[in-house]
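First the structure, in the form of C-alpha coordinates, and then the observations on it.
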Amino acid sequence: MPISDSDWDAVVRAVNHGKELRDLQKIELRETEQARNAFWMDTQKKNQNYSVWVEAALNWQVERTNRVLEDVCKIYLDVWKKMGNTESADFFRAFGARTITAELRPRISKEEDHWNRSWIIRNGCELPPREQFDAQLAWFRRSMEMLEGEWKRECESRAIICEAKERTTISTNPILPPDPTAITSRKHSSTHIADPRKETISKICAGHPEWNAQQICVELDRRASRNSNLSPLSSWSSRLWVDARKSHRATVDRYISRARKAKPLML
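Sequential numbering of the sequence shown, starting at -2, is according to our numbering.
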(Lines of atoms letter the chains of each structure in order from A and count residues from 1; the text may use other names and numbers.)
(Lines give C-alpha, C1' and ligand atoms only; values in the text may rest on other atoms or scores of the structure.)
Protein backbone atom coordinates (compact mmCIF):
# COMPACT_ATOMS: atom_id res chain seq x y z
CA MET A 1 0.00 0.00 0.00
CA PRO A 2 1.49 3.39 -1.00
CA ILE A 3 2.74 5.59 1.82
CA SER A 4 0.36 8.48 2.51
CA ASP A 5 1.52 12.10 2.30
CA SER A 6 1.11 12.55 6.06
CA ASP A 7 3.20 9.45 6.83
CA TRP A 8 5.98 10.51 4.47
CA ASP A 9 5.90 14.05 5.87
CA ALA A 10 6.52 12.49 9.29
CA VAL A 11 9.58 10.72 7.87
CA VAL A 12 10.86 13.98 6.33
CA ARG A 13 10.42 15.82 9.63
CA ALA A 14 12.29 13.09 11.51
CA VAL A 15 15.14 13.22 8.98
CA ASN A 16 15.36 17.02 9.17
CA HIS A 17 15.40 16.95 12.97
CA GLY A 18 18.20 14.37 13.04
CA LYS A 19 21.89 15.22 12.92
CA GLU A 20 22.84 12.78 10.14
CA LEU A 21 21.46 14.91 7.30
CA ARG A 22 22.87 18.13 8.77
CA ASP A 23 26.29 16.50 9.12
CA LEU A 24 26.11 15.30 5.51
CA GLN A 25 25.19 18.80 4.32
CA LYS A 26 28.14 20.31 6.20
CA ILE A 27 30.52 17.78 4.67
CA GLU A 28 29.08 18.41 1.20
CA LEU A 29 29.47 22.18 1.59
CA ARG A 30 33.06 21.87 2.79
CA GLU A 31 34.06 19.40 0.06
CA THR A 32 32.43 21.54 -2.64
CA GLU A 33 34.42 24.59 -1.55
CA GLN A 34 37.63 22.57 -1.38
CA ALA A 35 37.04 21.10 -4.83
CA ARG A 36 36.38 24.50 -6.41
CA ASN A 37 39.55 25.90 -4.89
CA ALA A 38 41.59 22.89 -5.97
CA PHE A 39 40.30 23.11 -9.55
CA TRP A 40 41.04 26.87 -9.60
CA MET A 41 44.62 26.33 -8.43
CA ASP A 42 45.08 23.58 -11.01
CA THR A 43 43.83 25.74 -13.89
CA GLN A 44 46.07 28.60 -12.77
CA LYS A 45 49.07 26.30 -12.54
CA LYS A 46 48.41 25.01 -16.06
CA ASN A 47 47.64 28.52 -17.34
CA GLN A 48 44.16 27.45 -18.43
CA ASN A 49 41.17 29.76 -18.80
CA TYR A 50 38.07 30.34 -16.69
CA SER A 51 35.84 27.96 -18.66
CA VAL A 52 38.13 25.00 -17.87
CA TRP A 53 37.69 25.71 -14.17
CA VAL A 54 33.91 25.93 -14.50
CA GLU A 55 33.71 22.71 -16.51
CA ALA A 56 35.82 20.75 -14.00
CA ALA A 57 33.84 22.05 -11.02
CA LEU A 58 30.43 21.37 -12.59
CA ASN A 59 31.42 17.87 -13.65
CA TRP A 60 32.65 17.15 -10.13
CA GLN A 61 29.37 18.47 -8.70
CA VAL A 62 27.31 16.04 -10.78
CA GLU A 63 29.43 13.10 -9.61
CA ARG A 64 29.35 14.31 -6.01
CA THR A 65 25.55 14.70 -6.09
CA ASN A 66 25.19 11.11 -7.25
CA ARG A 67 27.17 9.92 -4.21
CA VAL A 68 25.24 12.25 -1.88
CA LEU A 69 21.89 10.85 -3.05
CA GLU A 70 23.04 7.37 -2.04
CA ASP A 71 23.89 8.69 1.43
CA VAL A 72 20.58 10.56 1.68
CA CYS A 73 18.70 7.38 0.73
CA LYS A 74 20.45 5.49 3.54
CA ILE A 75 19.56 8.21 6.06
CA TYR A 76 15.89 8.11 5.07
CA LEU A 77 15.87 4.31 5.17
CA ASP A 78 17.41 4.28 8.67
CA VAL A 79 14.76 6.70 9.92
CA TRP A 80 12.05 4.65 8.21
CA LYS A 81 13.24 1.52 10.03
CA LYS A 82 13.49 3.31 13.39
CA MET A 83 9.82 4.21 12.98
CA GLY A 84 9.02 0.50 13.06
CA ASN A 85 8.92 -0.21 9.33
CA THR A 86 10.91 -2.53 7.11
CA GLU A 87 12.74 -1.92 3.84
CA SER A 88 9.97 -2.12 1.28
CA ALA A 89 8.87 -1.28 -2.25
CA ASP A 90 6.61 1.45 -0.87
CA PHE A 91 9.59 3.16 0.76
CA PHE A 92 11.69 3.27 -2.41
CA ARG A 93 8.76 4.46 -4.52
CA ALA A 94 8.00 7.23 -2.04
CA PHE A 95 11.67 8.23 -1.89
CA GLY A 96 11.92 8.28 -5.69
CA ALA A 97 8.69 10.22 -6.22
CA ARG A 98 8.92 12.73 -3.36
CA THR A 99 12.52 13.15 -2.26
CA ILE A 100 14.79 12.87 -5.32
CA THR A 101 13.42 16.03 -6.95
CA ALA A 102 13.33 17.86 -3.63
CA GLU A 103 17.03 17.08 -3.12
CA LEU A 104 18.21 17.82 -6.66
CA ARG A 105 16.38 20.97 -7.76
CA PRO A 106 17.73 23.23 -4.95
CA ARG A 107 21.25 22.00 -5.76
CA ILE A 108 20.81 22.98 -9.39
CA SER A 109 19.61 26.49 -8.51
CA LYS A 110 22.31 26.94 -5.87
CA GLU A 111 25.10 25.93 -8.26
CA GLU A 112 23.79 28.15 -11.06
CA ASP A 113 23.51 31.10 -8.66
CA HIS A 114 27.08 30.56 -7.47
CA TRP A 115 28.57 30.59 -10.96
CA ASN A 116 26.46 33.53 -12.12
CA ARG A 117 27.77 35.52 -9.13
CA SER A 118 31.27 34.34 -9.94
CA TRP A 119 30.90 35.62 -13.51
CA ILE A 120 29.77 39.04 -12.29
CA ILE A 121 32.61 39.31 -9.77
CA ARG A 122 35.19 38.44 -12.43
CA ASN A 123 33.63 40.69 -15.07
CA GLY A 124 36.42 42.63 -16.69
CA CYS A 125 38.89 39.77 -16.33
CA GLU A 126 39.83 37.52 -19.22
CA LEU A 127 36.59 35.56 -19.58
CA PRO A 128 35.21 33.35 -22.38
CA PRO A 129 32.12 34.49 -24.31
CA ARG A 130 28.97 34.60 -22.18
CA GLU A 131 27.32 32.17 -24.62
CA GLN A 132 29.95 29.55 -23.77
CA PHE A 133 29.43 30.08 -20.06
CA ASP A 134 25.63 29.77 -20.44
CA ALA A 135 26.13 26.56 -22.44
CA GLN A 136 28.14 25.10 -19.58
CA LEU A 137 25.37 25.89 -17.09
CA ALA A 138 22.80 24.41 -19.49
CA TRP A 139 24.90 21.21 -19.70
CA PHE A 140 25.00 21.08 -15.91
CA ARG A 141 21.21 21.40 -15.63
CA ARG A 142 20.66 18.67 -18.24
CA SER A 143 23.13 16.37 -16.47
CA MET A 144 21.40 16.87 -13.13
CA GLU A 145 17.99 16.26 -14.71
CA MET A 146 19.35 13.05 -16.27
CA LEU A 147 20.68 12.08 -12.85
CA GLU A 148 17.22 12.69 -11.41
CA GLY A 149 15.68 10.36 -13.98
CA GLU A 150 18.30 7.67 -13.40
CA TRP A 151 17.76 7.79 -9.65
CA LYS A 152 13.99 7.48 -10.03
CA ARG A 153 14.51 4.42 -12.23
CA GLU A 154 16.96 3.06 -9.66
CA CYS A 155 14.37 3.49 -6.89
CA GLU A 156 11.80 1.62 -8.98
CA SER A 157 14.33 -1.19 -9.54
CA ARG A 158 14.94 -1.45 -5.81
CA ALA A 159 11.17 -1.47 -5.23
CA ILE A 160 10.76 -4.38 -7.66
CA ILE A 161 13.50 -6.30 -5.86
CA CYS A 162 11.73 -5.74 -2.53
CA GLU A 163 8.46 -7.01 -4.01
CA ALA A 164 10.18 -10.13 -5.28
CA LYS A 165 11.62 -10.77 -1.81
CA GLU A 166 8.21 -10.22 -0.21
CA ARG A 167 6.57 -12.72 -2.58
CA THR A 168 9.23 -15.27 -1.73
CA THR A 169 8.72 -14.71 2.00
CA ILE A 170 4.95 -15.12 1.97
CA SER A 171 4.96 -18.05 -0.43
CA THR A 172 2.95 -21.00 0.89
CA ASN A 173 4.80 -23.55 -1.23
CA PRO A 174 6.68 -26.12 0.86
CA ILE A 175 10.40 -25.58 0.92
CA LEU A 176 12.53 -28.72 0.97
CA PRO A 177 15.58 -28.81 3.24
CA PRO A 178 18.50 -27.49 1.23
CA ASP A 179 21.29 -29.76 0.13
CA PRO A 180 24.31 -29.15 2.43
CA THR A 181 26.56 -29.34 -0.61
CA ALA A 182 24.53 -26.60 -2.28
CA ILE A 183 24.81 -24.43 0.84
CA THR A 184 28.57 -24.81 0.83
CA SER A 185 28.66 -23.98 -2.86
CA ARG A 186 26.55 -20.86 -2.37
CA LYS A 187 28.66 -19.69 0.55
CA HIS A 188 31.78 -20.21 -1.51
CA SER A 189 30.42 -18.39 -4.54
CA SER A 190 29.05 -15.50 -2.47
CA THR A 191 32.58 -14.44 -1.59
CA HIS A 192 33.62 -14.38 -5.25
CA ILE A 193 32.70 -12.23 -8.21
CA ALA A 194 30.95 -14.08 -11.04
CA ASP A 195 30.91 -11.08 -13.34
CA PRO A 196 34.31 -10.75 -15.09
CA ARG A 197 33.75 -7.01 -15.40
CA LYS A 198 33.45 -6.59 -11.64
CA GLU A 199 36.45 -8.85 -11.07
CA THR A 200 38.50 -6.69 -13.44
CA ILE A 201 37.27 -3.43 -11.85
CA SER A 202 38.19 -4.77 -8.41
CA LYS A 203 41.71 -5.62 -9.60
CA ILE A 204 42.11 -2.24 -11.31
CA CYS A 205 41.09 -0.45 -8.10
CA ALA A 206 43.44 -2.60 -6.04
CA GLY A 207 46.31 -1.49 -8.26
CA HIS A 208 45.17 2.11 -8.63
CA PRO A 209 43.05 3.07 -5.59
CA GLU A 210 43.33 6.76 -6.45
CA TRP A 211 41.64 6.40 -9.86
CA ASN A 212 38.18 7.90 -10.35
CA ALA A 213 35.30 6.35 -12.32
CA GLN A 214 36.30 8.03 -15.60
CA GLN A 215 39.86 6.68 -15.42
CA ILE A 216 38.54 3.21 -14.62
CA CYS A 217 36.22 3.36 -17.66
CA VAL A 218 39.13 4.30 -19.92
CA GLU A 219 41.15 1.34 -18.62
CA LEU A 220 38.16 -1.00 -19.04
CA ASP A 221 37.79 0.09 -22.67
CA ARG A 222 41.48 -0.65 -23.23
CA ARG A 223 41.10 -4.16 -21.81
CA ALA A 224 37.76 -4.79 -23.52
CA SER A 225 39.44 -4.26 -26.89
CA ARG A 226 41.28 -7.53 -26.18
CA ASN A 227 38.53 -9.31 -24.23
CA SER A 228 34.88 -8.86 -25.28
CA ASN A 229 33.70 -10.24 -21.92
CA LEU A 230 34.73 -6.90 -20.41
CA SER A 231 32.46 -4.82 -22.67
CA PRO A 232 29.74 -2.68 -21.04
CA LEU A 233 26.41 -4.29 -20.11
CA SER A 234 24.14 -4.71 -23.13
CA SER A 235 21.34 -2.82 -21.34
CA TRP A 236 23.49 0.34 -21.48
CA SER A 237 23.44 0.26 -25.31
CA SER A 238 27.04 1.46 -25.58
CA ARG A 239 30.12 -0.20 -27.02
CA LEU A 240 32.49 1.80 -24.81
CA TRP A 241 32.51 2.29 -21.05
CA VAL A 242 33.20 6.01 -21.38
CA ASP A 243 30.12 6.38 -23.65
CA ALA A 244 27.97 4.32 -21.28
CA ARG A 245 29.00 6.59 -18.42
CA LYS A 246 28.01 9.69 -20.39
CA SER A 247 24.44 8.42 -20.91
CA HIS A 248 24.03 6.42 -17.67
CA ARG A 249 26.39 8.16 -15.26
CA ALA A 250 24.61 7.23 -12.01
CA THR A 251 24.11 3.59 -13.02
CA VAL A 252 27.69 3.06 -14.22
CA ASP A 253 29.18 4.83 -11.20
CA ARG A 254 27.15 2.63 -8.83
CA TYR A 255 28.24 -0.46 -10.75
CA ILE A 256 31.89 0.55 -10.43
CA SER A 257 31.49 1.55 -6.78
CA ARG A 258 30.04 -1.84 -5.84
CA ALA A 259 32.76 -3.68 -7.74
CA ARG A 260 35.41 -1.47 -6.11
CA LYS A 261 34.30 -2.65 -2.65
CA ALA A 262 34.37 -6.34 -3.61
CA LYS A 263 37.44 -8.50 -3.09
CA PRO A 264 39.18 -9.85 -6.23
CA LEU A 265 38.86 -13.57 -6.85
CA MET A 266 41.93 -15.33 -5.55
CA LEU A 267 43.32 -17.66 -8.23
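For every residue, glycine included, the Cβ atom is placed at its ideal position computed from N, Cα and C.
Tell me the rounded alpha-carbon separation between Thr96 and Arg90.
In the sequence shown, counting from the first residue as 1, residue 96 sits at position 99. In the sequence shown, counting from the first residue as 1, residue 90 sits at position 93. Distance between the alpha carbons of Thr96 and Arg90 is about 10 Å.
Going by DSSP, what residue range makes up the alpha helix (DSSP H) through Ser244?
For the purposes of this step, residue 244 is taken as the residue at position 247 of the sequence shown. Counting along the chain, the unbroken alpha helix (DSSP H) around Ser244 starts and ends at 238 to 244.
Compute the distance between the beta-carbons of Trp50 and Thr62, then report whether it is under 8 Å.
Position 53 of the sequence shown, counted from the start, is the residue given in the question as residue 50. Position 65 of the sequence shown, counted from the start, is the residue given in the question as residue 62. With respect to Thr62, Trp50 sits apart: the two C-beta atoms are not nearer than 8 Å.
CA-CA distance, Val249 and Asp2?
Translated into positions along the sequence shown, residue 249 becomes position 252. Translated into positions along the sequence shown, residue 2 becomes position 5. Rounded to the nearest angstrom, the gap between the Cα atoms of Val249 and Asp2 is 32 Å.
Cβ neighbour criterion (16 or more within 10 Å) applied to Gly204
In the sequence shown, counting from the first residue as 1, residue 204 sits at position 207. Classification of Gly204: exposed, given that the 10 Å Cβ count is below 16.
On a Cα-Cα basis, can you pick out the residue from Asp75, Val69, Gln22, Asn226 that is closest to Arg194?
Within the sequence shown, numbered from 1, the residue matching residue 194 stands at position 197. For the options Asp75, Val69, Gln22, Asn226, the alpha carbon positioned closest to that of Arg194 is the one of Asn226.
Are there 16 or more other CB atoms within 10 angstroms of the CB of Glu147, so buried, or fewer, so exposed?
Indexing the sequence shown from 1 puts residue 147 at position 150. Buried is the call here.
C-beta atoms of Cys202 and Arg138 nearer than 8 Å:
In the sequence shown, residue 202 corresponds to position 205, counting from 1. In the sequence shown, residue 138 corresponds to position 141, counting from 1. Between Cys202 and Arg138, the C-beta spacing is not below 8 Å.
Under a three-way DSSP split, which group does Trp208 fall into?
If you number the sequence shown from 1, residue 208 lands on position 211. It is coil, neither helix nor strand.
Measure the beta-carbon distance from Thr98 to Glu145 and round it to whole angstroms, keeping in mind my assumption that it falls under 8 Å.
The sequence position of residue 98 within the sequence shown is 101, counting from 1. The sequence position of residue 145 within the sequence shown is 148, counting from 1. With a Cβ gap of about 6 Å, Thr98 and Glu145 count as contacting.
Can you confirm whether the region 70 to 79 touches the region 26 to 41 when touching is taken to mean that 3 or more C-beta pairs between the two stretches lie within less than 8 Å?
With the cut-off at 8 Å, the region 26 to 41 and the region 70 to 79 do not touch.
Please state if the CB of Leu134 and the CB of Glu109 are separated by a distance shorter than 8 Å.
Counting from 1 along the sequence shown, the entry for residue 109 is found at position 112. Counting from 1 along the sequence shown, the entry for residue 134 is found at position 137. Yes, Cβ-Cβ distance for Glu109 and Leu134 is below 8 Å.
With a Cβ-Cβ cutoff of 8 Å, do Ala11 and Val76 count as a contact?
By 1-based counting over the sequence shown, the position of residue 11 is 14. By 1-based counting over the sequence shown, the position of residue 76 is 79. Between Ala11 and Val76, the C-beta gap is smaller than 8 Å, which places the two residues in contact.
Looking only at its chain, what residues have a beta carbon closer than 7 Å to the beta carbon of Glu305, apart from the 5 residues adjacent to it on each side?
Because the chain spans -2 through 264 in this model, residue 305 falls outside it and cannot be assessed.
So, under 8 Å CB-CB, Glu25 and Val59 are touching, yes? Tell me the CB distance rounded to an integer number of Å.
Against the sequence shown, residue 25 aligns to sequence position 28. Against the sequence shown, residue 59 aligns to sequence position 62. Incorrect: roughly 13 Å between the Cβ atoms, too far for contact.
What does a CB cutoff of less than 7 Å around Ser140 pick up in its chain, not counting 5 residues either side in sequence?
In the sequence shown, residue 140 corresponds to position 143, counting from 1. Short of 7 Å from the beta carbon of Ser140, and not among the five residues preceding or following it, lie these beta carbons of its own chain, in chain order: Val59.
Taking Leu26 as part of the alpha helix (DSSP H), name the residues at either end of that continuous run.
Looking up residue 26 in the sequence shown gives position 29. Per DSSP, Leu26 belongs to the alpha helix (DSSP H) from 16 to 42.
In whole angstroms, give me the CA-to-CA distance for Met282 and Ile0.
The requested residue 282 does not occur in the structure, where the chain is confined to residues -2 to 264.
Quick one: grab the DSSP three-state call for Ile0.
Numbered from its first residue, the sequence shown carries residue 0 at position 3. Here Ile0 sits in coil by DSSP.
Find the nearest neighbour of Glu100 within the set Val239, Asn13, Ala54, Ser234, judged by alpha-carbon distance.
For this step, residue 100 is matched to residue 103 along the sequence shown. Closest by alpha carbon: Asn13.
Tell whether a beta-carbon distance below 8 Å holds between Ala221 and Ile253.
The residue labelled residue 221 in the question sits at position 224 within the sequence shown. The residue labelled residue 253 in the question sits at position 256 within the sequence shown. Remark: C-beta atoms of Ala221 and Ile253 do not approach each other more closely than 8 Å.
On the three-state DSSP scale, how would you describe Pro229?
Locating residue 229 in the sequence shown gives position 232, where the first residue counts as 1. Three-state result, Pro229: coil.
Quick one: what does DSSP say Glu67 is sitting in, helix, strand or coil?
By one-based count along the sequence shown, residue 67 stands at place 70. The answer is helix: DSSP assigns Glu67 an H, G or I state.
Sorted by chain position, which residues of the same chain lie with C-beta nearer than 6 Å to Ser228's C-beta, five sequence neighbours on each side aside?
In the sequence shown, counting from the first residue as 1, residue 228 sits at position 231. If we look at Ser228 and ignore the five residues flanking it on each side, its Cβ neighbours are Ala221.
Starting from Asp87, trace the alpha helix (DSSP H) in both directions and tell me its first and last residue.
Along the sequence shown, read from residue 1 onward, the residue named residue 87 stands at position 90. Per DSSP, Asp87 belongs to the alpha helix (DSSP H) from 86 to 95.
Beta-carbon proximity list for Thr197, same chain, < 6 Å, skipping 5 on both sides:
Residue mapping note: residue 197 aligns to position 200 of the sequence shown, counting from 1. Within the same chain, Thr197 has close Cβ partners Leu227.
Within the same chain, show all residues whose beta-carbon is closer than 7 Å to that of Val215, passing over the 5 residues directly before and after it, in chain order.
Position 218 of the sequence shown, counted from the first residue, corresponds to residue 215. Correct list, in chain order: Val239.
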